[in-house]
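K.L.:
One structure, pasted below without further comment.
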Amino acid sequence: MSTRTIRIGLCGLGTVGQGVWKHLTANRTALEDRLGVRIELAKAAVRDRSRARSVKVPAHCLVDDPMSIARDPSIDIVCELMGGTGIAKKVTLEALSRGKIVVSANKALLCESGAAVFAAARKGGGRFFFEASVAGGIPIIKALREGLVANRFRLIYGILNGTCNYILTRMAAEGAGYPEILADAKRLGFAEADESLDVEGWDTAHKASILAHLAHGVWLKPNQMTVEGITKITQADLRHAATLGYGIKLLAIITRDFARDELAVRVHPTLVPKDRVLANVNGVFNGIAVVGDVVGTTTYIGRGAGQDATASAVISDIADAIVLLTTGRDVTPVESAARAARTVRLAPPERLRSRYYVRTTVKDRPGVLAQIATVMARHGVSIESVIQTTSERPNAASLILTTHESDERAMGATLAALGRLRSLLESPLLLRIADFSD
Ligand code: NDP
Ligand code: HSE
1 MSTRTIRIGL CGLGTVGQGV WKHLTANRTA LEDRLGVRIE LAKAAVRDRS RARSVKVPAH
61 CLVDDPMSIA RDPSIDIVCE LMGGTGIAKK VTLEALSRGK IVVSANKALL CESGAAVFAA
121 ARKGGGRFFF EASVAGGIPI IKALREGLVA NRFRLIYGIL NGTCNYILTR MAAEGAGYPE
181 ILADAKRLGF AEADESLDVE GWDTAHKASI LAHLAHGVWL KPNQMTVEGI TKITQADLRH
241 AATLGYGIKL LAIITRDFAR DELAVRVHPT LVPKDRVLAN VNGVFNGIAV VGDVVGTTTY
301 IGRGAGQDAT ASAVISDIAD AIVLLTTGRD VTPVESAARA ARTVRLAPPE RLRSRYYVRT
361 TVKDRPGVLA QIATVMARHG VSIESVIQTT SERPNAASLI LTTHESDERA MGATLAALGR
421 LRSLLESPLL LRIADFSD
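FYI, in this note's numbering the residues of the sequence shown are 1 to 438.
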């Protein structure tokens, strides 16, 4: 019997696409042995065919129309590695409508149009694989879908953006400036083409939406979540947090209250106690804790962005796709219409409870601290600790307060009232303090 050849088309040959080309070429023989097929990297679509690439791609393989790959009947697997929600969506839907397998790293597209993507797969007979869309090289999609299938998940939380974790880690460790570190994250291929997706928290929200879908069967949009990024975090915040015994991490937190049938998804910088695993997940690494009702807590750590880690995830999907093509064994069963139609109530954000860190700059004169304490007491917010340091501004002081547990409604009202005090010289920054009872 002759060996079947599987033809793969890459739409996009940037950071991730070149990684997939490089590692599939280097490990082709081993993969072919394992999977019992011949693998051919048949086509790659780019915007600019004249651009120098770090991989050698024969000229006849390069095209500038990704749709031609989606429509090519000789291509078995289409890898969508362009990003965005424009042409990427058209290519994905076209390939799925033709019954093809699409492998994607595109979390923005999934969050925006996940329901439409899976509906197109159902209708056209295609399949959609997306391991690389969350947490780079960590096989978290497989873990939730396969390894943890016995569980219901009351809590999933983690660091899902490599760029932000890289920036916060270096700001804390070296005292290097934010713009310089962000430029390095871009150079290293960690950041999105539009880096505001990373630093404003949207990329983490896209990934949280995918995890929430896997765990709870519903698609949430970022406007149904609390989303805050890292742009307001200063080196002083990182220093103060360290003094208080915390690291600052951008976390996605997905909580499900089964008794009330409510779901809450939030993304925000969070003070994590230094003795917790996630506080020690540094640099481009991501870390995710999944609390299952059967298994307890499992934690996953690995590189969350960059060429090689992401290529590893894409190639694992390609391997699953080849198994599906050659044996019919499907690790991503098409979602049923019933599951696709599922809804869940959103927990009102103002009810969420936490301890809080508040930083502000005030006029350095008698009575100011008492004014602040009075405002907080009036809103039922109990102060746990106060640090006062000198400010760079003349006749001013930096104040860092932590609170006992309160809720978002009380803290929102407190901040609004503090903002009206004439002794405050800047709007207060509010951060949540993690206290996960796994
Ligand atoms: P890049 O910007 O490095 O690469 C994008 C590629 O797509 C380029 O080769 C570009 O061509 C090509 N492209 C874009 N638009 C078109 C078009 N209209 N027609 C043809 N080709 C096009 O992005 P990344 O590789 O970093 O990211 C790709 C995807 O992977 C995104 O969805 C991203 O979110 C996701 N991802 C990225 C990770 C990372 O660490 N970088 C990690 C996990 C997921 P040209 O080279 O000619 O400009
Ligand atoms: N820009 C993303 C990050 C890429 O930094 O995590 C990986 O999804």
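All residues carry an ideal CB built from backbone N, CA and C; glycine is no exception.
Does the separation of the CB atoms of Ala185 and Val284 fall below 9 angstroms?
P.N.:
yes
K.L.:
With distances taken Cα to Cα, identify the nearest neighbour of Arg432 among Ala241, Arg339, Met376 and Thr298.
P.N.:
Ala241
K.L.:
Can you round the beta-carbon distance between Val20 and Val314 to whole angstroms, since I take them to be within the 8 angstroms contact cut?
P.N.:
5 angstroms
K.L.:
Is the separation between the beta-carbon of Ala434 and that of His379 shorter than 9 angstroms?
P.N.:
no
K.L.:
DSSP has Asp72 in a bridge; who is on the other side?
P.N.:
Asp72 is bridged by DSSP to nothing; it lacks a bridge partner.
K.L.:
Ligand 1 heavy atoms versus the CB of Phe436: any closer than 8 angstroms?
P.N.:
no
K.L.:
Taking Asn151 as the reference, which of Tyr178, His23, Ala172 and Val291 has the closest Cα?
P.N.:
Val291
K.L.:
Where Ala176 and Ile288 are concerned, what is the direct C-alpha to C-alpha distance, given to the nearest angstrom?
P.N.:
27 angstroms
K.L.:
Output needed for Ala172: all residues of its chain with C-beta closer than 6 angstroms, excluding positions within five of it in sequence on either side, in chain order.
P.N.:
Leu238
K.L.:
Would you say the beta carbon of Asp64 comes nearer than 8 angstroms to a heavy atom of ligand 1?
P.N.:
yes
K.L.:
Nearest by alpha-carbon distance to Phe129: which of Ile138, Gly14, Tyr178 and Val78 is it?
P.N.:
Checked all of Ile138, Gly14, Tyr178 and Val78; the closest Cα to Phe129 is Val78.
K.L.:
What are the boundary residues of the alpha helix (DSSP H) that includes Glu392?
P.N.:
Glu392 -> no alpha helix (DSSP H), and no H or E assigned at all.
K.L.:
Residue range of the alpha helix (DSSP H) that Glu322 falls in?
P.N.:
With the sequence shown as reference, residue 322 is identified as Ile, and Glu is not the correct amino acid for it. From DSSP, the alpha helix (DSSP H) with Ile322 extends over Gln307 to Thr327.
K.L.:
If distances are taken between C-alpha atoms only, which option among Met376, Phe153 and Glu392 comes closest to Ala401?
P.N.:
Residue identity differs from the one stated: residue 401 is Leu in this sequence, not Ala. Closest in alpha carbon position to Leu401, among Met376, Phe153 and Glu392, is Met376.
K.L.:
Locate the alpha helix (DSSP H) running through Lys472, then write down its first and last residues.
P.N.:
For the chain, the structure presents residues 1 to 438; residue 472 sits outside this window and is missing.
K.L.:
Could you check which residue in Ser74, Thr92 and Thr15 has the C-alpha nearest to that of Ala305?
P.N.:
It is Thr15 whose Cα lies nearest to the Cα of Ala305.
K.L.:
Is Ser316 closer than 9 angstroms to Ile444 when the C-beta atoms are compared?
P.N.:
Nothing about residue 444 can be reported from this structure: the residues present for the chain run from 1 to 438 only.
K.L.:
For the alpha helix (DSSP H) containing Arg187, list its first residue and its last residue.
P.N.:
Tyr178 to Arg187
K.L.:
Suppose only complete runs of 3+ residues qualify. What are the beta strand (DSSP E) ranges in the region 339-411, listed by chain order?
P.N.:
353-363, 383-390 and 396-403
K.L.:
What separation, rounded to the nearest whole angstrom, lies between the Cα atoms of Gln388 and Val103?
P.N.:
Going from the Cα of Gln388 to the Cα of Val103 covers about 52 angstroms.
K.L.:
Taking 8 angstroms as the line, does the beta carbon of Val284 fall inside it for any heavy atom of ligand 2?
P.N.:
yes
K.L.:
DSSP puts Glu40 in a beta bridge; with which residues?
P.N.:
Arg7
K.L.:
Taking a contact to mean a Cβ-Cβ separation below 9 angstroms, would you say Arg303 touches Gly162 in this structure?
P.N.:
yes
K.L.:
Among residues of its own chain, excluding the 5 on either side of Ile230, which ones have a beta-carbon nearer than 7 angstroms to its beta-carbon?
P.N.:
Cys164, Ile167, Leu168, Val199, Leu250 and Pro269
K.L.:
Check this for me: beta carbons of Gly296 and Leu271, under 9 angstroms apart or not?
P.N.:
no
K.L.:
Could you work out which residue in Glu40, Ala59, Leu41 and Gly245 is closest to Arg49 when comparing CA atoms only?
P.N.:
Ala59
K.L.:
Helix or strand or just coil, what does DSSP make of Phe129?
P.N.:
strand
K.L.:
Which whole-angstrom value describes the C-beta separation of Ile8 and Leu41, a residue pair presumed to lie in contact below a C-beta threshold of 8 angstroms?
P.N.:
6 angstroms
K.L.:
Does the beta carbon of Met171 fall short of 8 angstroms from some heavy atom of ligand 1?
P.N.:
no
K.L.:
Return the residue from the list Leu155, Gly147, Gln235 and Leu144 that minimises the CA-CA distance to Tyr178.
P.N.:
Gln235
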